[in-house]
Amino acid sequence: MAEILFKAIDATNPDPDKDRRGCYKKGYPVVVMPDGHTWGKEEALPKFIIVKCTEVTVEQCKQYIESWNDNFSYTVVSQDAAKGIYTVRVQNDTANVSGLNRITLAKVEAFLTKWGCTGISFTSPYVQFTFKLWDVVRSDGFWGKENIDDFASFVLNSYDSTTGIGTITATVYNIPENAVLFTIKERGGTLISHSGNEYQFSIERSAIFELFKADVKHRTERTFCVRKFYISEADVNTVISAGGTVTLTKTQLLNKLKNKLTE
Amino acid sequence: MANKTVTVKTSGGDYTSLAAAVTGEQLDLVTNTRILTIECYSLKDTATVSIDGYTTSSSYYIKITSPVGQRHLGIWNTGKYYLEPASGHPITIKEQNVTIEFLQISALDTNTAQYCIFDYISDANATIKIKNNIFKGPVVDSTPNSRGVYLYLSAATCVWYIYNNLFITFSGSAIVQDTYANQKLYAYNNTIVNSYRGFVRSTGDFIAINNLLASIGFTSYTYVGTFFTGSDYNASDNDDNIGIGGHNRVSQTFTFVGASDYHLNAADAGAIGYGVSDPGSGLFSDDIDGETRTGTWDCGADQHAAAVAKQDIGFLRKYKHYLRR
Numbered sequence: 121m122a123e124i125l126f127k128a129i130d131a132t133n134p135d136p137d138k139d140r141r142g143c144y145k146k147g148y149p150v151v152v153m154p155d156g157h158t159w160g161k162e163e164a165l166p167k168f169i170i171v172k173c174t175e176v177t178v179e180q181c182k183q184y185i186e187s188w189n190d191n192f193s194y195t196v197v198s199q200d201a202a203k204g205i206y207t208v209r210v211q212n213d214t215a216n217v218s219g220l221n222r223i224t225l226a227k228v229e230a231f232l233t234k235w236g237c238t239g240i241s242f243t244s245p246y247v248q249f250t251f252k253l254w255d256v257v258r259s260d261g262f263w264g265k266e267n268i269d270d271f272a273s274f275v276l277n278s279y280d281s282t283t284g285i286g287t288i289t290a291t292v293y294n295i296p297e298n299a300v301l302f303t304i305k306e307r308g309g310t311l312i313s314h315s316g317n318e319y320q321f322s323i324e325r326s327a328i329f330e331l332f333k334a335d336v337k338h339r340t341e342r343t344f345c346v347r348k349f350y351i352s353e354a355d356v357n358t359v360i361s362a363g364g365t366v367t368l369t370k371t372q373l374l375n376k377l378k379n380k381l382t383e
Numbered sequence: 022m023a024n025k026t027v028t029v030k031t032s033g034g035d036y037t038s039l040a041a042a043v044t045g046e047q048l049d050l051v052t053n054t055r056i057l058t059i060e061c062y063s064l065k066d067t068a069t070v071s072i073d074g075y076t077t078s079s080s081y082y083i084k085i086t087s088p089v090g091q092r093h094l095g096i097w098n099t100g101k102y103y104l105e106p107a108s109g110h111p112i113t114i115k116e117q118n119v120t121i122e123f124l125q126i127s128a129l130d131t132n133t134a135q136y137c138i139f140d141y142i143s144d145a146n147a148t149i150k151i152k153n154n155i156f157k158g159p160v161v162d163s164t165p166n167s168r169g170v171y172l173y174l175s176a177a178t179c180v181w182y183i184y185n186n187l188f189i190t191f192s193g194s195a196i197v198q199d200t201y202a203n204q205k206l207y208a209y210n211n212t213i214v215n216s217y218r219g220f221v222r223s224t225g226d227f228i229a230i231n232n233l234l235a236s237i238g239f240t241s242y243t244y245v246g247t248f249f250t251g252s253d254y255n256a257s258d259n260d261d262n263i264g265i266g267g268h269n270r271v272s273q274t275f276t277f278v279g280a281s282d283y284h285l286n287a288a289d290a291g292a293i294g295y296g297v298s299d300p301g302s303g304l305f306s307d308d309i310d311g312e313t314r315t316g317t318w319d320c321g322a323d324q325h326a327a328a329v330a331k332q333d334i335g336f337l338r339k340y341k342h343y344l345r346r
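Sequence order for the protein chains is A and B. Residue 121 is where the first sequence starts when you use this note's numbering, and the numbers rise one by one after that. Residue 22 is where the second sequence starts when you use this note's numbering, and the numbers rise one by one after that.
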């Protein structure tokens, strides 16, 4: 019930990063269409081959046209919740078996620093750092603004180590009111009061940590390779020899699809 | 090597999806001295598109368009080409020189945020033009924070021109210039309606001129952040002011042609004639319909019957879209 369009020739780019993350190579799947799809004139040899499989649906095939993307995960190694201090490790769950695409210090260090993290170190396969809530809530990363120290000062009014809720007063200069309110809301805070350039708000520690994790993932995760799955050049050549189109059983298709993550 | 035009059609064309076209034509356009034009004809396209792997320049670039006769007429029309993936960002731009025009792109995933145009340019010196498109979001709400154009990564040496576009119903914002995006962004004559937020600026230079923002869900977030010198002549129907420029209009009453037709009605008193003419200094002279703007420009993507007494031909304007079908 599905037809998969595979590249039959390599696209290349002299920039090795761009070549890997953006150029479709011979054997990479491109799009999936329903059985009986009328392909375009260019969606054929010499650029493409078509593999038909009546035993799989378009939905089932979509996983095979996914890119090989970073996927960072976090582990809290130790914590002092009363002080709001955590030791955290981050690693890339989509490094392959050979270690390709493991996390590097260069990949995340700048963003961890923006978020006020300290003690950043690398021990393969992870990066470890110290995450202090009070540092984080005053960081460039939290406020989404470079050099936030030049624009704001902060006072910690209270912190309940049981509930994890802190109350903070931010005195802000040269940032529009709606931008400040926007940031507090976006960051999961609740505005308590606002007078002039003083904003008092409360925020809960798990909200900060979740936001931090999401932001670092968002900012630093990249496409490592344009496709995660592929079929071999030999298999492509076989299809080319057969005229550019072949029909396979589900078992045959799955046997030909190779996953870069397991290599 | 000559310039090349390929088509995306349901049948009889070169490709049957924009994603396949962008993949099949990957090339060093500079070495091959080629402008690549991809023409999209009437169809529903559901494959996400990542524009990457090319080499481009300001002279040899990628242009994705709908040809004359195949274009939307300023109203969302499923009879024309529209890109509507169930999930994932419809178009991610990683190349430096790209123009996207006259497309309809929707981000309807109500679970995970989609960005109709997602800036993922890691190279310097990009020039991107996003014009005469219609972008449609899922709902008017704060979640899942879907966006029309999300400027996310491109650097200070990059320039984005976003003009003559219609943004409808975004649960996040119409245009976002994010924290680490330092590019210069020019937003001219866009119409934003029924979105949760309008324009959000964090770090780069955001110059907004002649835009029309109506029925923004979170009123005080019509304009978020400090906008750059030169921003002016924007109009909104709430009291949020962009904060720079002496000709912006707040608390206006806009009158559109219909409930889902955001062309300006002759009776409009909030946008017609309140823009500044030629804000882009020659960059463009048409409106979302591709019609030449004359006289004093209006705010928003549509130019109401120019150069002729508006009231006199208002009824023609009202029906022109039906007449053209």
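Virtual Cβ for every residue (Gly too), placed ideally from N, Cα, C.
With a cut-off of 9 Å, does the C-beta of residue i fall near any C-beta of chain A?
i: A41 of chain B; result: yes
i: V27 of chain B; result: yes
i: A128 of chain B; result: no
i: D71 of chain B; result: The question names Asp, yet the displayed sequence has Ser at residue 71 of chain B. So yes, S71 of chain B belongs to the interface.
i: G313 of chain B; result: For clarity, residue 313 of chain B is Thr in the given sequence; the question names Gly instead. With 9 Å as the cut-off, T313 of chain B does not count as an interface residue toward chain A.
i: S32 of chain B; result: yes
i: T224 of chain B; result: yes
i: V197 of chain B; result: no
i: A145 of chain B; result: no
Of the residues the options, which one's Cα is nearest the Cα of residue i?
i: M153 of chain A; options: A:Y184, A:I129 and A:F274; result: A:Y184
i: D307 of chain B; options: B:N154, B:V70 and B:K65; result: B:N154
i: S241 of chain A; options: A:K227, A:L253 and A:E123; result: A:K227
i: D260 of chain B; options: B:L94, B:P165, B:P111 and B:T240; result: B:T240
i: K205 of chain B; options: B:V180, B:N215 and B:G303; result: B:V180
i: K288 of chain B; options: B:T274, B:D299 and B:S281; result: Strictly speaking, residue 288 of chain B in this sequence is Ala, with Lys absent from that position. Answer by Cα proximity: B:T274.
i: N375 of chain A; options: A:I169, A:F168 and A:C173; result: A:C173
i: I112 of chain B; options: B:G291, B:Y136, B:T58 and B:R55; result: B:Y136
i: T190 of chain B; options: B:P106, B:E46, B:S63 and B:P165; result: B:P165
i: S167 of chain B; options: B:F123, B:Q125, B:T212 and B:Y217; result: B:Y217
i: D319 of chain B; options: B:G294, B:R55, B:I142 and B:L48; result: B:G294
i: E383 of chain A; options: A:A131, A:A362, A:W188 and A:S244; result: A:W188
i: F305 of chain B; options: B:A147, B:Y184 and B:G291; result: B:Y184
i: S71 of chain B; options: B:I83, B:V27, B:S63 and B:L233; result: B:I83
i: C181 of chain A; options: A:F349, A:L331, A:F251 and A:S193; result: A:F349
For chain B, find out if any of its Cβ atoms is closer than 9 Å to the Cβ of residue i; answer yes or no.
i: W235 of chain A; result: no
i: S187 of chain A; result: yes
i: K101 of chain A; result: Only positions 121 to 383 of chain A appear in the structure, and residue 101 of chain A is not among them; the question remains open.
i: I124 of chain A; result: no
i: F302 of chain A; result: yes
i: F168 of chain A; result: yes
Measuring CB to CB, does residue i end up less than 9 Å from residue j?
i: V217 of chain A; j: R209 of chain A; result: no
i: F344 of chain A; j: N267 of chain A; result: no
i: S273 of chain A; j: K234 of chain A; result: no
i: I96 of chain B; j: I121 of chain B; result: no
i: H284 of chain B; j: D258 of chain B; result: no
i: T158 of chain A; j: S32 of chain B; result: yes
i: T207 of chain A; j: Q248 of chain A; result: yes
i: G204 of chain A; j: S278 of chain A; result: no
i: G147 of chain A; j: E297 of chain A; result: no
i: S87 of chain B; j: Y102 of chain B; result: yes
Can you pull the chain E neighbours of residue i, defined as C-beta to C-beta under 8 Å?
i: Y144 of chain A; result: Among the protein chains of the structure shown, namely A and B, there is no chain E.
Starting from residue i, find everything on chain A with Cβ-Cβ shorter than 8 Å and list it in chain order.
i: G264 of chain B; result: P296
i: S192 of chain B; result: The contacting residues do not exist; S192 of chain B stays about 14 Å from chain A at best.
Using a Cβ-Cβ cutoff of less than 6 Å, which residues in the same chain neighbour residue i once the five nearest sequence positions on both sides are dropped?
i: Y254 of chain B; result: I230, N231, H268, G296 and V297
i: G284 of chain A; result: E324 and R325
i: S236 of chain A; result: Looking at the sequence itself, residue 236 of chain A is Gly, so the reference to Ser does not match. Only D255, V256 and S259 meet the Cβ criterion.
i: V271 of chain B; result: S257, D260 and N262
For residue i, which residues from the same chain have a beta carbon less than 7 Å from its beta carbon, with the 5 sequence-adjacent residues on both sides left out?
i: T291 of chain A; result: A272, S273, N317 and E318
i: T178 of chain B; result: A145 and N146
i: T67 of chain B; result: E105, P106 and A107
i: N53 of chain B; result: M22
Skipping 5 residues on each side, what residues in its chain have a beta carbon closer than 8 Å to that of residue i?
i: L172 of chain B; result: D140, W181, I196, V197, Q198, D199, A202, Q204, L206 and G225
i: V176 of chain A; result: M121, A122, K370 and L373
i: I312 of chain A; result: T287, Q320, F321 and S322
Could you list which residues in chain A have their beta carbon closer than 7 Å to that of residue i, in chain order?
i: V51 of chain B; result: Near V51 of chain B there are no residues of chain A at all, since even the closest Cβ is about 11 Å away, more than 7 Å.
i: V245 of chain B; result: N298, A299 and F302
Residue i touches chain A at which residues, Cβ-Cβ below 9 Å?
i: K115 of chain B; result: K138, R141, G142 and T343
i: A202 of chain B; result: Result: empty, since nearest Cβ-Cβ is about 11 Å, beyond 9 Å.
For a contact defined as C-beta to C-beta under 9 Å, what are the partners of residue i on chain B?
i: T158 of chain A; result: T31, S32, G33 and T37
Along chain B, which residues have their Cβ under 7 Å away from the Cβ of residue i?
i: A131 of chain A; result: Q47 and G74
i: T151 of chain A; result: Just to set this straight, residue 151 of chain A is Val in the shown sequence, not Thr. Those are S38, A40, A41 and A68, listed as they occur along chain B.
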